Structure formats: C-alpha cells, structure tokens
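Shown next, in structure tokens, is the structure this report addresses.
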Amino acid sequence: MHAPKRMAAVAAAAVVLAGLAGCAPTGPATAPAGDPTPAPVATAAASAAPASGVLTATSPLPVDAYVAQFSASDGSLPDVDAVNEEYRAAAAAFPLALPDGYAWPTETWLREGQSGAWQQGNGVAQAYFFWQAATANAAFADHIRGNDQAAAEHLDALEAGRSGPVAAMFVQDPGGSYVSQAIAPAREGGWTPLYAQDVQPFREAPAYAAVAARAGDLVDLGTEGFATEVGEQ
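The numbering used here puts the first residue of the sequence shown at 1, with every later residue one more than the last.
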C-alpha cells in the first residue's frame, strides 16, 4: 500500500490506502485483537472537530455514468491543486453512499509542495479510497459499540463496492485479496487486517479523522483490547 506516484498508473491497487495520512507507519501497527467488546471510548478529537472543510453540494451519478465520466485517461495533472480539483468533482458525483454522518472533505491528504505532474485519475482514485476507508471505519466503530448488525451492513457495502465497477477503475484485483484477507476476517471477529489497512491510516489523516469525529465514529478500544502487532489474534 503506497501513495499514488507522479505519473504512475492509477490502476495499481496500492494507489492510496496506506498513504491516506501522507505516510505509512514504519513499525508494527497497533490493531484490535480477536473480537473484543469493551465499552467504546470517544477520543478527544471527537468534541473538537470543526464543522467546516467538507463538500456541501453533491449530486451522485448512476454507477455506469460515473465510470464512463471519470475513467482515467493518459493525461496528466500539473500539481496537487489539480489533483484536489479532480477529486472534488469525482467526490461530488460519487455513486456509492457514504456511511450516515460522513461527508466528503474538500481536500485529499496530499500536501502542498509535492510538485510535479500527476497521472490524470489520481484525484478520482482518492475519492474511491476515501469512501472505502470511511466505510471500513464506520464498520469498525459499530463493532466497538457492539452493534454487530450495523457493522455487518457496512461490511456488506464495503464488499459490494470493492467488487464493483467503481473499484475496478483502480484496483487490478477488485474482488480478491482485500475481500478474503480484510473483510472476511472482520466478519468472523478478526478486525486486525481491516484496521491496519484502512481504519488506522484513515484516522491518521487529520481532515479524514475530523469527518469520522463529526459522525461520532472515533471510538476505540482500551489498550487491553489491542494486539501488539498486526496479525496477532
């Protein structure tokens, strides 16, 4: 999982996921073990999250129309501002529903100063992977709250989206390893892979964490409920 490279093909499955926060963690990720069910704890960010910085006007397209309009071309984008502009257009028309209480941030995690041309379609990919990580975060938050039915519904949406034509615009194996290695274990109570791949980097990006906070989904486990490294069950 890596951030999108300048002029790199956006079809790579690793376009965004670990780069949501601008950098991937270098050590073992801290993630929940097994199927813990302690009382949720709201982080301090939840009460301090600002209400600004999200798109207020959206008009979702049907899936087929979205894919036709936003399929990547061979063009390039001159800078991060152009990537963010493309992202905003794609997010405003995105056909898959965000979890209740979530909204599209006005900017991606990409930072000013990352100069150079970018592959056209990187902004569109940012929109998809924001949706994916937001949905994963909502599923995890409901799991922590003990709302297994709501968590399962989010996982259903996540699997359908990951296996569908929007994900196929960017992911070479849209219904494969992510479903079997991240979603399927979560359905059985093993949330570590999904947490490490999507939830943790989503929460490490300040603008994205603010979206989760406004939705009331920055709930977490106490330290006694966490594994010491990814994969520990």
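Virtual Cβ for every residue (Gly too), placed ideally from N, Cα, C.
From a predicted model like this one, the values you see are computed outputs, not experimental measurements.
(request) Return the first residue and the last residue of the alpha helix (DSSP H) that Ala162 is part of. (result) In the sequence as displayed, the identity of residue 162 is Arg instead of Ala. First-last of the alpha helix (DSSP H) with Arg162: 148–162.
(message) Can you find the residues in the same chain that come closer than 6 Å, C-beta to C-beta, to Trp131, ignoring five residues on each side of it along the sequence?
(response) Leu96
(message) According to DSSP, Pro105 sits in a beta bridge with which residue or residues?
(response) Val54
(request) Would you check if the distance between the CB atom of Ala139 and the CB atom of Ala125 is smaller than 7 Å? (result) no
(message) Just to confirm, is the Cβ distance from Phe202 to Ala103 under 7 Å?
(response) no
(message) I need the boundaries of the alpha helix (DSSP H) containing Pro201, first residue and last residue.
(response) 200–204
(message) If you reduce the DSSP assignment to three classes, tell me which class Leu77 lands in.
(response) strand
(message) Within 10 Å of its beta-carbon, does Pro193 have 16 or more other beta-carbons around it, so buried, or fewer, so exposed?
(response) buried
(request) Apply the 10 Å Cβ neighbour rule to Glu86 and answer buried if 16 or more other Cβ atoms are within range, or exposed otherwise. (result) buried
(message) Going by DSSP, what residue range makes up the alpha helix (DSSP H) through Phe129?
(response) 122–144
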